[in-house]
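2 protein chains.
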Amino acid sequence: MTKAPTRIQQRNRAAILSAGLDIFSQYGFRGATLDQIADAAGLSKPNLLYYFPSKEAIHTALLERLLETWLDPLKALDGSGDPVAEIMGYAQRKLAMSRDFPRESRLFANEILQGAPHIEEILKTDLKTLVDDKAAIIQGWADAGKIAAIDPHHLIFSIWAFTQHYADFDVQVRAVLGDKAPHDGALSFLDTLYSKLLRV
Amino acid sequence: MTKAPTRIQQRNRAAILSAGLDIFSQYGFRGATLDQIADAAGLSKPNLLYYFPSKEAIHTALLERLLETWLDPLKALDGSGDPVAEIMGYAQRKLAMSRDFPRESRLFANEILQGAPHIEEILKTDLKTLVDDKAAIIQGWADAGKIAAIDPHHLIFSIWAFTQHYADFDVQVRAVLGDKAPHDGALSFLDTLYSKLLRV
DNA sequence: TTCTGGTTTGACCAACTGGTCAAAATAACG
DNA sequence: CGTTATTTTGACCAGTTGGTCAAACCAGAA
Chain D
0 MTKAPTRIQQ RNRAAILSAG LDIFSQYGFR GATLDQIADA AGLSKPNLLY YFPSKEAIHT
60 ALLERLLETW LDPLKALDGS GDPVAEIMGY AQRKLAMSRD FPRESRLFAN EILQGAPHIE
120 EILKTDLKTL VDDKAAIIQG WADAGKIAAI DPHHLIFSIW AFTQHYADFD VQVRAVLGDK
180 APHDGALSFL DTLYSKLLRV
Chain H
0 MTKAPTRIQQ RNRAAILSAG LDIFSQYGFR GATLDQIADA AGLSKPNLLY YFPSKEAIHT
60 ALLERLLETW LDPLKALDGS GDPVAEIMGY AQRKLAMSRD FPRESRLFAN EILQGAPHIE
120 EILKTDLKTL VDDKAAIIQG WADAGKIAAI DPHHLIFSIW AFTQHYADFD VQVRAVLGDK
180 APHDGALSFL DTLYSKLLRV
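Going line by line, the protein sequences match chains D and H.
Be aware that the first sequence starts at 0, since it is given in numbering that gives the first Met the number 0, and climbs by one per residue.
Be aware that the second sequence starts at 0, since it is given in numbering that gives the first Met the number 0, and climbs by one per residue.
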């Protein structure tokens with residue numbers, strides 16, 4: 000049986016994962032260095048490697064933790080709910096994730112930009128299945144005349160694109176908007192955009 | 000006066016820039032190596048450094064070349080044109096750029112993800128000025144009742160996000176869509192989305 | 001053909017990279 | 001307190017990195 004982790008282990012592993020998230024999400028896997036991560040975690044490099052056997056292991060741990068929750072907002076889209084409310088709710092949850100977990104969003108963006116070397120299989124299986132599934136539900140709503148007739152896949156892409164933009168392109172958004180906090184405006188724009196789009 | 004570049008110079012500099020675009024757009028500045036770029040360009044590393052004095056120089060040259068044209072679609076948005084047609088035309092031009100220059104889009108995405116260390120000033124000055132300018136035009140149209148009342152900045156963000164998504168997240172889009180070419184569907188979705196949004 | 005200037009290369013370097021290891025320092029616990 | 005298991009560290013290593021340099025190579029004009 001595996002030993003329960005000590006308090007020190009919990010603290011240091013958490014510090015490493017947080018530091019790794021900072022660094023990997025900014026520089027990507029190859030651009031990040033163990034020295035940077037160790038420094039950000041407040042540990043020496045050998046000490047960091049006492050908790051994770053390799054750079055790859057930290058990255059994998061982060062990616063796995065991310066994937067556990069990354070698809071939750073879409074999974075929660077309920078075929079038996081009110082069509083417009085379900086889709087709008089999904090978009091809102093995604094926008095909230097972009098606000099609350101911008102580093103995770105950028106970690107994911109980096110992984111995809113680099114060709115998704117670690118998660119391509121998951122994209123082609125789990126993700127595709129999930130998206131096809133939900134797309135079929137949305138298509139059903141469209142066919143039943145409950146929402147406007149639109150391509151469900153591209154609808155989902157547009158939600159991903161718009162919501163993640165505020166995390167991934169944060170520095171550009173801030174450069175353009177200046178002081179104003181982006182998210183309030185984004186939320187009401189998103190509401191307008193999708194309620195107009197979905198209205199029959 | 001500067002000498003005219005020889006045929007060999009033209010060919011090799013072009014090969015290096017193309018190779019650099021491949022590598023930088025995938026791995027980011029820090030993640031890319033001169034060996035990779037030299038290899039992709041079909042040159043030895045010292046030979047590559049005969050044409051560009053440093054890794055930084057290649058990256059800068061690429062970024063400068065990109066910025067020359069990156070904002071053209073938005074610059075072309077004409078305040079004296081038909082409001083809906085102008086905005087839709089802008090979105091369509093951006094989508095076409097995403098289709099025709101995906102590597103450039105990813106190079107830009109990488110730069111922003113990394114905090115825009117090389118172009119933050121440009122974002123805060125040139126880009127912000129341009130966007131504020133065009134946003135004012137769009138706001139004018141909205142105030143005059145020629146298009147629906149929407150936040151022009153977030154409208155522009157949504158166009159950036161959606162169109163660039165197909166280049167930057169290409170591997171994910173393909174994983175989900177399978178064989179089907181993404182761009183046709185994207186174009187007609189975009190048409191539907193923005194004509195519904197802008198209609199008064 | 002020779003000369004000349006542009007081009008290419010192999011050998012090299014210092015700094016950095018991910019990672020190892022034995023020893024030292026510290027915590028945990030009876 | 002003493003003993004033991006965990007944690008931390010300095011020194012180190014082999015491979016890679018961006019970059020240099022002198023020497024060799026080559027294209028083309030005279």
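Each residue gets a CB set at the ideal place from its N, CA and C atoms; glycine is no exception.
In the DSSP annotation of this structure, the continuous segment of the alpha helix (DSSP H) that includes D/K127 starts and ends at K127 to D142. Annotation: D/V172 to H/L112 spans about 12 Å, alpha carbon to alpha carbon. Nearest in C-alpha terms to D/R29, of all of D/G88, D/L197 and D/I57, is D/I57. With a 10 Å radius around the Cβ and a threshold of 16 neighbouring Cβ atoms, H/Y49 comes out exposed.
Residues of chain D whose Cβ lies closer than 9 Å to the Cβ of H/Q9 do not exist, since the nearest Cβ in that chain is about 30 Å away. Going by C-alpha positions, D/D71 is about 43 Å away from H/I15.
D/S157 belongs to the set of residues whose beta carbon lies under 8 Å from a beta carbon in chain H. If you look at D/I155, you'll find it in the alpha helix (DSSP H) that goes P151 to D167. Listed along the chain, the chain D residues whose CB falls inside 7 Å of the CB of H/L126 are A174 and V175.
Using beta-carbon distances, H/F51 does not count as an interface residue toward chain D, since no partner is under 8 Å.
Short of 7 Å from the beta carbon of H/K44, and not among the five residues preceding or following it, lie these beta carbons of its own chain, in chain order: L33, D34 and A37.
In the three-state reduction of the DSSP assignment, H/P52 falls in the coil class, being assigned neither a helical nor a strand state. Secondary structure of D/P45 (DSSP, three-state): helix. For H/N109, the residues of chain D that pass the 7 Å Cβ criterion are L112, in the order they occur in the chain. By alpha-carbon distance to D/K54, the top candidate from D/K179, D/L76 and D/F23 is D/F23. In this structure, H/K123 sits near D/A174, with a CB-CB distance shorter than 8 Å. Per DSSP, H/L76 lies in no alpha helix (DSSP H) and is assigned neither H nor E. Burial check for D/N11: the Cβ neighbour count within 10 Å reaches 16 or more, so the residue is buried. Within chain D, the residues whose beta carbon sits less than 8 Å from that of H/V170 are I111, G114, A115, E119 and L122, listed in sequence order. Following the DSSP letters along the chain, one finds H/F107 inside the alpha helix (DSSP H) bounded by residues P101 to L112. From the listed residues H/L129, H/F100, H/P116 and H/K179, the smallest Cα separation to H/L20 is found for H/F100. Distance from H/A185 to H/Y165 at the Cβ level is roughly 6 Å; contact confirmed, criterion being Cβ atoms closer than 8 Å.
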